[in-house]
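Trainee: Residue numbers (my numbering): 105 to 552. Encoded as structure tokens, here's the structure I'll be asking about.
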Ligand code: GDP
């Protein structure tokens, strides 16, 4: 689909930053450079890209991220949030404003071929069905009788009445007639499909502006073809200078474009995207949802929700203290236990393993079989809890008799105690190496 190429590029960037425990500022910058190129190649407007990157960078290079337990995941979450913001924020999907004295007018504007007539019928159907409103549609395209005929047919498919066609009237006259017959017949909403041209011209804009001042629409929606990329953005900008647009509808989101229009539209025009056209069919209309679209583009919803969940629970003071210890090359069993607890909070190894790049089902099964499942985590914690404070701080003193006592206390066998100690040595070693660099190492699961 439209965002496949972009998704793939971003996925590669994310794999590179989550495939390692530590991230430096340089790593983050390298990732951001790649993201920048990916966005530009997706035809996102340059100023929007610049703004996006600088906002993301500001948040992503901070100590709190780089030194966190899972820096790569944090960066993904920040990119996600930036994308949601670029798309219009994570408010609820935009709704049409239909309150007020009926009949309420909705004006549809756009270039010819943008999908304006189809979208008019789609929105009419949606309002009739979901809002239980009485909706009338009217075509104001006096120059193209075929366009009027087309709206009448589409409306029929939508199960919505259309204003009878009367030859010889001007667009403004038709608009007036639509409003007055709606008033007489008790319609709640009138959707006016204005004439489109193949290019932007003053006459078309002037006519639409006149109709707007006549009918005082609650919504003036611009329909733009997402496949036309930056041209659609430019069109929206120009229309918005002339008509006080209230929102955008992007059609042909089911096509093979590069997605740049959808990603720049909001930023460039400041207008909310209200709907996305997703097929030629009458039901092919989705309410726009910035969060959902960002999730679709990034394809890392799991990471985002995990980081959100963990953010509330991760103990930054402990992480700081651990970082200091590690810098000195110390990582005792108390620290290991903290890490295990942290891991459990983040959904256990199972959850984290699913986030690791290149982890397929088979590898996960192998990891589980080797004892790294969530139950094993709990047992490992129990083993550490069965030790004395002295043993936890200095595992070197653990000889056979102590191990036996600990194993019995935790309800496991001695081999499992040995495995834990071996894992601890490996991790301490790995952390010593990572600690010599700048960042904090990732979760132990990240190295499996
Ligand atoms: P208008 O000239 O702006 O009124 O455009 P139309 O409504 O006549 O649409 C032009 C063509 O685009 C028609 O063939 C529609 O079926 C098609 N179309 C409109 N919206 C969409 C959409 O979201 N997806 C796809 N694939 N086709 C669409």
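Here a beta-carbon is modelled for each residue, glycine too, at the ideal position from N, C-alpha and C.
(1) Assuming residue 488 and residue 496 form a contact by the criterion Cβ under 8 Å, report the distance between their Cβ atoms to the nearest whole angstrom.
(2) Relative to the C-alpha of residue 279, which candidate in 318, 353, 376 and 231 has its C-alpha closest?
(3) Just verifying my parser: in three-state terms, what is the DSSP assignment at residue 252?
(4) Nearer than 8 Å: is that true of the beta carbon of residue 361 relative to any heavy atom of ligand 1?
(5) Of all the options 320, 372, 314 and 358, which has the alpha carbon lying nearest to the alpha carbon of residue 339?
(6) In whole angstroms, what is the alpha-carbon distance linking residue 441 and residue 520?
(7) Does the pairing of the stretch 260-267 with the stretch 225-240 give three or more beta-carbon distances under 8 Å?
(8) Excluding five sequence neighbours on each side, which residues of the same chain lie with their C-beta closer than 6 Å to the C-beta of residue 325?
(9) State yes or no: is the C-beta of residue 221 within less than 9 Å of the C-beta of residue 297?
(10) Using only the alpha-carbon positions, how far apart do residue 344 and residue 365 sit?
(11) Do residue 411 and residue 180 count as a contact pair if the criterion is CB distance below 9 Å?
(12) List the endpoints of the continuous beta strand (DSSP E) containing residue 324.
(13) Give the list of continuous alpha helix (DSSP H) stretches no shorter than 4 residues that lie fully inside the stretch 358-409.
(14) For the candidate residues 337, 386, 401 and 243, whose alpha-carbon lies nearest to that of residue 151?
(15) When the Cα of residue 206 is compared with those of 113, 446 and 237, which residue comes out closest?
(16) Of the choices 136, 219, 289 and 493, whose alpha-carbon is the least far from that of residue 258?
(17) Contact between the stretch 107-118 and the stretch 140-148 is defined here as three or more beta-carbon pairs at a separation below 8 Å; is this criterion met?
(18) Relative to ligand 2, is the shortest distance from any of its heavy atoms to the C-beta of residue 254 smaller than 8 Å?
(19) Counting Cβ pairs, one atom from each stretch, are 3 or more of them under 8 Å apart for the stretch 380-396 and the stretch 159-172?
(20) Taking the CB atoms as reference points, tell me whether residue 313 and residue 346 lie closer together than 9 Å.
(21) What does a CB cutoff of less than 7 Å around residue 229 pick up in its chain, not counting 5 residues either side in sequence?
(22) Taking buried to mean at least 16 other C-beta atoms within 10 Å of its own C-beta, is residue 270 buried or exposed?
(23) Over what stretch of residues does the beta strand (DSSP E) that includes residue 296 continue unbroken?
(24) Assign residue 443 to buried or exposed, taking buried as 16 or more other Cβ atoms, counted over all protein chains shown, within 10 Å of its Cβ.
(25) Quick check: what's the CA-CA separation for residue 204 versus residue 251?
(26) By Cβ distance, which residues of its chain are closer than 7 Å to residue 276, with the 5 residues on each side in sequence left out?
(27) Would a C-beta distance cut-off of 9 Å place residue 502 and residue 491 closer than the cut-off?
(28) Just checking residue 378 against ligand 1 - is the residue's beta carbon closer than 8 Å to any of the ligand's heavy atoms?
(29) When you compare each of 330, 131 and 368 to residue 380 by their alpha carbons, which one comes out closest?
(30) Could you check if residue 358 belongs to the surroundings of ligand 1, using beta carbon to heavy atom distance under 8 Å?
(31) Just tell me which of 512, 214, 355 and 293 has its CA closest to the CA of residue 305.
(32) Name the two residues that bound the continuous beta strand (DSSP E) containing residue 213.
(33) What do you reckon, is the C-beta of residue 166 under 8 Å from a heavy atom of ligand 1?
(34) Tell me the DSSP secondary structure of residue 239 in three-state form.
(35) Compare the C-alpha of residue 311 against each of 160, 299 and 105 and name the closest.
(36) Please check the pair residue 161 and residue 136, which I expect to be a contact at CB under 8 Å, by giving their CB distance rounded to whole angstroms.
Mentor: With the given structure in hand:
(1) Position 384 of the chain shown holds residue 488. Position 392 of the chain shown holds residue 496. Their Cβ separation, rounded to whole angstroms, is 6 Å, which keeps residue 488 and residue 496 in contact under 8 Å.
(2) Mapped onto the chain shown, residue 279 falls at position 175. Among 318, 353, 376 and 231, the Cα nearest to that of residue 279 is on 318.
(3) By one-based count along the chain shown, residue 252 stands at place 148. If DSSP states are grouped into helix, strand and coil, residue 252 belongs with the helices.
(4) As a working note, residue 361 is residue 257 in the chain shown. No, Cβ of residue 361 sits at least 8 Å from all heavy atoms of ligand 1.
(5) Counting from one through the chain shown, the residue named residue 339 turns up at place 235. Comparing Cα positions, the closest option is 372.
(6) In the chain shown, the residue the question calls residue 441 occupies position 337. In the chain shown, the residue the question calls residue 520 occupies position 416. Their backbone Cα atoms lie some 15 Å apart in a straight line.
(7) yes
(8) Here the question's residue 325 lines up with position 221 in the chain shown. Only 212, 351 and 353 meet the Cβ criterion.
(9) Here residue 221 refers to the residue found at position 117 when the chain shown is read from its first residue. Here residue 297 refers to the residue found at position 193 when the chain shown is read from its first residue. Yes. Within cutoff.
(10) Position 240 of the chain shown, counted from the start, is the residue given in the question as residue 344. Position 261 of the chain shown, counted from the start, is the residue given in the question as residue 365. Spanning the two alpha carbons is a distance of roughly 16 Å.
(11) Against the chain shown, residue 180 aligns to sequence position 76. Against the chain shown, residue 411 aligns to sequence position 307. For residue 180 and residue 411, yes; Cβs fall inside 9 Å.
(12) Position 220 of the chain shown holds residue 324. Element bounds for residue 324: 323-329.
(13) 364-373 and 394-402
(14) Residue 151 sits at position 47 when you count from the first residue of the chain shown. For the residues 337, 386, 401 and 243, the minimum Cα distance to residue 151 belongs to 337.
(15) As a position in the chain shown, residue 206 is number 102, starting the count at 1. Ranking 113, 446 and 237 by Cα distance to residue 206 puts 237 first.
(16) Translated into the one-based positions of the chain shown, residue 258 becomes position 154. Out of 136, 219, 289 and 493, 219 has the C-alpha closest to the C-alpha of residue 258.
(17) yes
(18) The model on display carries ligand 1 but not ligand 2.
(19) no
(20) As a working note, residue 313 is residue 209 in the chain shown. As a working note, residue 346 is residue 242 in the chain shown. Yes, these two residues count as a Cβ contact at 9 Å.
(21) Within the chain shown, residue 229 is the residue found at index 125, counting from 1. If we look at residue 229 and ignore the five residues flanking it on each side, its Cβ neighbours are 262, 263, 264 and 386.
(22) Taking the chain shown and counting its residues from 1, the one referred to as residue 270 is at position 166. When all chains shown are included, residue 270 counts as exposed.
(23) Within the chain shown, numbered from 1, the residue matching residue 296 stands at position 192. 293-297 is the span of the beta strand (DSSP E), which, as asked, contains residue 296.
(24) The residue you call residue 443 lines up with position 339 of the chain shown. Residue 443 comes out buried.
(25) Translated into positions along the chain shown, residue 204 becomes position 100. Translated into positions along the chain shown, residue 251 becomes position 147. Using only the alpha carbons, I get a separation of about 30 Å.
(26) Taking the chain shown and counting its residues from 1, the one referred to as residue 276 is at position 172. Taken in chain order, the residues that qualify are 314, 315 and 318.
(27) Here residue 502 refers to the residue found at position 398 when the chain shown is read from its first residue. Here residue 491 refers to the residue found at position 387 when the chain shown is read from its first residue. The answer is yes: Cβ separation under 9 Å.
(28) Here residue 378 refers to the residue found at position 274 of the chain shown. Every heavy atom of ligand 1 is 8 Å or more from the Cβ of residue 378, so no.
(29) In the chain shown, counting from the first residue as 1, residue 380 sits at position 276. The candidate whose alpha carbon is nearest that of residue 380 is 330.
(30) On the chain shown, position 254 is the one that residue 358 refers to. Under cutoff, so the answer is yes.
(31) Translated into positions along the chain shown, residue 305 becomes position 201. The shortest Cα separation from residue 305 among 512, 214, 355 and 293 belongs to 214.
(32) Within the chain shown, residue 213 is the residue found at index 109, counting from 1. Segment 208-214, the beta strand (DSSP E) holding residue 213.
(33) Stepping through the chain shown from its first residue, residue 166 is reached at position 62. Because no heavy atom of ligand 1 lies under 8 Å away, the Cβ of residue 166 does not count as near it: no.
(34) Here residue 239 refers to the residue found at position 135 of the chain shown. DSSP places residue 239 in strand when its eight states are reduced to three.
(35) Looking up residue 311 in the chain shown gives position 207. Residue 311 has its Cα closest to that of 299, out of 160, 299 and 105.
(36) What you label residue 161 is simply residue 57 of the chain shown in a count that begins at 1. What you label residue 136 is simply residue 32 of the chain shown in a count that begins at 1. Contact holds; Cβ gap of about 6 Å.
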